[in-house]
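Student: If you read the sequence shown in this note's numbering, its first letter stands for residue 1018, the second for the next number, and so on. Mind looking over this structure? Questions follow.
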Amino acid sequence: KEGTYAAHIVEHVTLELQNLAGMRTGFGKARQTSQRGVYKIAFRTRQEQVGRDALVAARDLVEAAINHTPYDVAQVVSELHEKVDDLCLGPSTAHIVDAATARRIPSIRLTEGNLVQLGYGNNQRRIWTAETDQTSAIAEEIASDKDLTKALLKSCGVPVPEGQLVRSAEQAWEAAQEIGVPVVLKPYDGNHGRGVSLNLVTQADVEAAYALAHRKGGGSSVIVEKFIPGNEHRMLVVGRKVVAAARGEAIWVVGDGVSNIDQLTDEQINSDPRRGSGEDSPLNAMMPSKSGEIILELERAGLTPESIPPKDQRVLIQRNGNVAFDVTDALHSSVAAAAALAARVVGLDIAGVDMVLEDVSKPMQSQRAAVIEVNASPGLLAHIKPAEGTGRPVGKAIIEHLFGMDRDGRIPIVGITGTQKTGRIARMVAWLAHISGKHVGLACSEGLYLDGRQVEAKDCGHWEAGQRLLINRSVQAAVFENGSQTILAEGLAYDKCTVGVVTDVSWNESLVPFDILDAEQAYKVART
């Protein structure tokens, strides 16, 4: 009978379980109702199903604490984390949405995936991970055609490695001899470094690398390129400038004379907490026995994943590991200019430009350097959460690219509530906005209207109809009628309105199920 009441504890535990599962949130309220022992809890969640599951788990945890029974918190958090991975926005998209929220730009998730609308009506923009509604489909096709990309870059003065397209292991070796070893082999349609083999010198290595690239590329052609010494770097270009840069590094293990290479990899590499298989891990877990690229690299040294290296012997696992070491501050202006030009030549508004450089801080002209790939829809995690160095606000850069420095993606919104002639008032306000030259959407109890034309003849004073107006790209202004019951049951489709109209505040019995028992409480609903 004393201390913090259980509903308040459940509210806080619900929020904490979401945070532990990797879904940041913070707002919550618990309020007593008129019925003794019955409380209402409101809390913020980024994904409804995860929030509901967290609430049930919080209730069970509090009951277990009251009854002194065991409760496996770690297991529950693990299950919630899996649901966060499955149901929530990916880290790249979420980072952009967070940057939009910081600018007070509203967002609407359009699918269960990563397609998100930023802003309302005709001022909206759309993103899909690191693609935007400005990303050209033609540019994406060019970027996926590595041979065409290289030809375009070369014609515009961007340094690229000499290379040839081949369709057999014999052609690959002939091309390697013509270009001059060492060479690189990679799939024509590959990405994320899959099927790429570096610094190949012998015919056996080239033919083995061809088989790997051909398999990883789904049977497509293979590219043979001149090997450029240096580290691989990823430049993130947004608009016409580089906003972040990261470096890749070779990955080694050191023998202890007892463990095989698979075991050494787990002990020395995968034990790093920054590595994992999830989208939120800046470094990938390494599995030599399951990676064709690593197996080929080991075979070149006469080893297999089961080999036991002598004590203190260094074994190369991957020549260019995850590109996740931030070097943005060290970037030379000529390197940044070359990356920005490469993205512009291909035609991408957001691009991941892969370059091989000996030193990112030195001029391009003073070293052997080349652009090896231009990628559409680049991953942002290496720049948001680098393995080393400062995380970069790349989401903010993308929002500035889409909205400039002063636009918020909003349209004029009029919200109307009350019980007296609200539908008629909503139609009148919408008509006045329409004759002033705006394309106006109206969702009210009398129907759904666009520029005075009724498109649905039923009660549309609810959340779903409001969402339909907000995602309509032709709507320049919107008017919404929402009664107290709708506000209490569903909330509002918009996060804030330009003008709010309350025709009157009165109580009726329809509000009793929501525990609104008098006019004073009804006023608080209208105040929303």
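All C-beta atoms, glycine included, are put in the ideal place defined by N, C-alpha and C.
So who's on the other strand from residue 1060, going by DSSP bridges?
Tutor: In the sequence shown, residue 1060 corresponds to position 43, counting from 1. Answer is 1045, bridged to residue 1060.
Student: In terms of residue numbering, what span does the beta strand (DSSP E) encompassing residue 1390 cover?
Tutor: One-based indexing of the sequence shown puts residue 1390 at position 373. 1387-1392 is the extent of the beta strand (DSSP E) around residue 1390.
Student: According to the neighbour-count rule (16 or more other Cβ atoms, all chains shown, within 10 Å of its Cβ), is residue 1298 buried or exposed?
Tutor: Within the sequence shown, numbered from 1, the residue matching residue 1298 stands at position 281. That one is buried.
Student: Quick check on residue 1441: does DSSP put it in helix, strand or coil?
Tutor: As a working mapping, residue 1441 is identified with position 424 in the sequence shown. Helix.
Student: Within its chain, find whatever has a CB closer than 8 Å to the CB of residue 1129; leave out the 5 residues flanking it on each side and keep chain order.
Tutor: Along the sequence shown, read from residue 1 onward, the residue named residue 1129 stands at position 112. Same-chain partners within the cutoff: 1104.
Student: Any idea what DSSP makes of residue 1434, helix, strand or coil?
Tutor: Here residue 1434 refers to the residue found at position 417 when the sequence shown is read from its first residue. It is a strand residue.
Student: Is there contact between the stretch 1414-1423 and the stretch 1496-1508, where contact requires at least three CB pairs shorter than 8 Å?
Tutor: Flag = no, the stretch 1414-1423 and the stretch 1496-1508 do not touch.
Student: Between the stretch 1522-1533 and the stretch 1469-1480, are three or more C-beta pairs nearer than 8 Å?
Tutor: With the cut-off at 8 Å, the stretch 1522-1533 and the stretch 1469-1480 do not touch.
Student: My understanding is that residue 1442 touches residue 1433, with C-beta atoms under 8 Å, so please give their C-beta distance in whole angstroms.
Tutor: To locate residue 1442, count along the sequence shown from 1; it is residue 425. To locate residue 1433, count along the sequence shown from 1; it is residue 416. Going by Cβ atoms, the distance from residue 1442 to residue 1433 rounds to 6 Å, so yes, they are a contact pair.
Student: For the ligand SAM, is there any heavy atom lying closer than 8 Å to the beta carbon of residue 1043?
Tutor: The ligand content of the structure shown is nil, which means the ligand SAM is not present either.
Student: Report, in whole angstroms, the separation of the C-beta atoms of residue 1227 and residue 1263, which I expect to be a contact under 8 Å.
Tutor: Along the sequence shown, read from residue 1 onward, the residue named residue 1227 stands at position 210. Along the sequence shown, read from residue 1 onward, the residue named residue 1263 stands at position 246. So it is not a contact: roughly 29 Å between Cβ atoms.
Student: Determine the contact status of residue 1314 and residue 1211, defining contact as a CB-CB distance below 9 Å.
Tutor: Here the question's residue 1314 lines up with position 297 in the sequence shown. Here the question's residue 1211 lines up with position 194 in the sequence shown. Against a cut-off of 9 Å, the Cβ pair of residue 1211 and residue 1314 comes out as no contact.
Student: As an exercise, report each continuous alpha helix (DSSP H) stretch of at least 4 residues that is fully enclosed by the stretch 1454-1494, in chain order.
Tutor: You should have 1480-1487.
Student: Count the other C-beta atoms from every protein chain shown that fall within 10 angstroms of the C-beta of residue 1059, then say buried if there are 16 or more, exposed otherwise.
Tutor: What you label residue 1059 is simply residue 42 of the sequence shown in a count that begins at 1. Classification for residue 1059: exposed.
Student: Taking the alpha-carbon positions, what's the residue 1182 to residue 1194 distance?
Tutor: Position 165 of the sequence shown, counted from the start, is the residue given in the question as residue 1182. Position 177 of the sequence shown, counted from the start, is the residue given in the question as residue 1194. Cα to Cα, the separation comes out at about 14 Å.
Student: Alpha carbon to alpha carbon, how far is residue 1205 from residue 1238? Give it in angstroms, no decimals.
Tutor: Counted from its first residue, the sequence shown places residue 1238 at position 221. Counted from its first residue, the sequence shown places residue 1205 at position 188. Going by the C-alpha atoms only, they are around 5 Å apart.
Student: Please determine, among 1492, 1412 and 1466, the residue with the shortest C-alpha to C-alpha distance to residue 1108.
Tutor: For the purposes of this step, residue 1108 is taken as the residue at position 91 of the sequence shown. The residue with the shortest Cα to Cα distance from residue 1108 is 1412.
Student: Looking only at C-alpha atoms, which of 1494, 1327, 1439 and 1468 sits nearest to residue 1543?
Tutor: Position 526 of the sequence shown, counted from the first residue, corresponds to residue 1543. Among 1494, 1327, 1439 and 1468, the Cα nearest to that of residue 1543 belongs to 1439.
Student: Identify whether residue 1098 lies in helix, strand or coil by the three-state DSSP scheme.
Tutor: Here residue 1098 refers to the residue found at position 81 when the sequence shown is read from its first residue. In the structure shown, residue 1098 sits in a helix (DSSP, three-state: H, G or I).
Student: Classify residue 1244 as helix, strand or coil using the three-state DSSP reduction.
Tutor: The sequence position of residue 1244 within the sequence shown is 227, counting from 1. Of the three classes helix, strand and coil, the one that applies to residue 1244 here is coil, per DSSP.
Student: Report the option in 1124, 1091 and 1068 whose CA atom is closest to the CA atom of residue 1101.
Tutor: Looking up residue 1101 in the sequence shown gives position 84. Nearest of 1124, 1091 and 1068 to residue 1101, Cα basis: 1068.
Student: Once the 5 residues before and after residue 1065 are set aside, which same chain residues still bring their CB inside 6 Å of it?
Tutor: One-based indexing of the sequence shown puts residue 1065 at position 48. Nothing listed; no residue qualifies.
Student: Is residue 1037 near residue 1073, with beta carbons less than 9 Å apart?
Tutor: Position 20 of the sequence shown, counted from the start, is the residue given in the question as residue 1037. Position 56 of the sequence shown, counted from the start, is the residue given in the question as residue 1073. No, Cβ-Cβ distance for residue 1037 and residue 1073 is not below 9 Å.
Student: With distances taken Cα to Cα, identify the nearest neighbour of residue 1301 among 1330, 1322, 1163 and 1266.
Tutor: For the purposes of this step, residue 1301 is taken as residue 284 along the sequence shown, with counting starting at 1. Of 1330, 1322, 1163 and 1266, the residue nearest in Cα terms is 1266.
Student: Using the rule of at least 16 other Cβ atoms within 10 Å of the residue's Cβ for burial, across every protein chain shown, is residue 1525 buried or exposed?
Tutor: Locating residue 1525 in the sequence shown gives position 508, where the first residue counts as 1. Exposed, by the Cβ-count rule.
Student: What does residue 1249 pair with, by DSSP beta-bridge criteria?
Tutor: The residue given as residue 1249 occupies position 232 in the sequence shown. Residue 1249 pairs with 1373.
Student: Residue ranges of each beta strand (DSSP E) run of no fewer than 3 residues wholly in the stretch 1069-1153, ordered along the chain?
Tutor: Qualifying beta strand (DSSP E) stretches, in chain order: 1124-1126, 1132-1135 and 1142-1145.
Student: Could you check what DSSP says for residue 1544 in three-state terms: helix, strand or coil?
Tutor: Numbered from 1 along the sequence shown, position 527 holds the residue referred to as residue 1544. Three-state DSSP puts residue 1544 in a helix.
Student: Going by C-alpha to C-alpha distance, which of 1126, 1127, 1131 and 1135 sits closest to residue 1119?
Tutor: Taking the sequence shown and counting its residues from 1, the one referred to as residue 1119 is at position 102. Out of 1126, 1127, 1131 and 1135, 1135 has the C-alpha closest to the C-alpha of residue 1119.
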